[in-house]
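Engineer:
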Amino acid sequence: MSTGSLNINPETLDHAAGTLDDVAGDLEDASFPADPDVGRSSSAVSTALSRLSSKTSGAASSLRSTASGLRTTASDFRNTDQDAASATPSAGDN
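457 is the number of the first residue of the sequence shown in the numbering used here; add one for each residue after it.
1. Following the continuous alpha helix (DSSP H) through D537, name the residue where it begins and the one where it ends.
2. Would the stretch 515-533 and the stretch 471-481 be scored as touching if the rule is three or more Cβ pairs under 8 Å?
3. Just checking, does the stretch 476-486 make contact with the stretch 458-467 on the three C-beta pairs under 8 Å criterion?
4. With a threshold of 6 Å on Cβ separation, who are the neighbours of A523 within its own chain once the five nearest residues in sequence on each side are excluded?
5. Taking all protein chains shown into account, do 16 or more other C-beta atoms lie within 10 angstroms of the C-beta of A540, making it buried, or fewer, making it exposed?
Following this line, the structure appears as structure tokens:
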């Protein structure tokens, strides 16, 4: 049975987390008119905009959570690499 290798670049994870935070910030900055005056459709449009606002906030929150998870994963990989390097004897230790 062959085993594969897994190569994770923590900097790539950190960069992706930053991108997700940027997008989350853009979503958080989105604004929607509270009570649009569009005639007889005002109530329906207001309801739709309220739902859109709620979904936008939820998406931003999910992006922030994912970004946090990526940063945690990057940190975990760094710590594991450091621990493995510390536990591995060098050639001069014999």
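Glycine residues also receive a C-beta, built at the ideal position from the N, C-alpha and C atoms.
Structural biologist: Based on what the coordinates show:
1. Taking the sequence shown and counting its residues from 1, the one referred to as residue 537 is at position 81. Per DSSP, D537 belongs to the alpha helix (DSSP H) from S498 to A543.
2. yes
3. no
4. As a first step, residue 523 is located in the sequence shown; it is residue number 67 there, counting from the start. Correct list, in chain order: A473, L476 and D477.
5. Here residue 540 is taken as the residue at index 84 of the sequence shown, counted from 1. Burial call: exposed.
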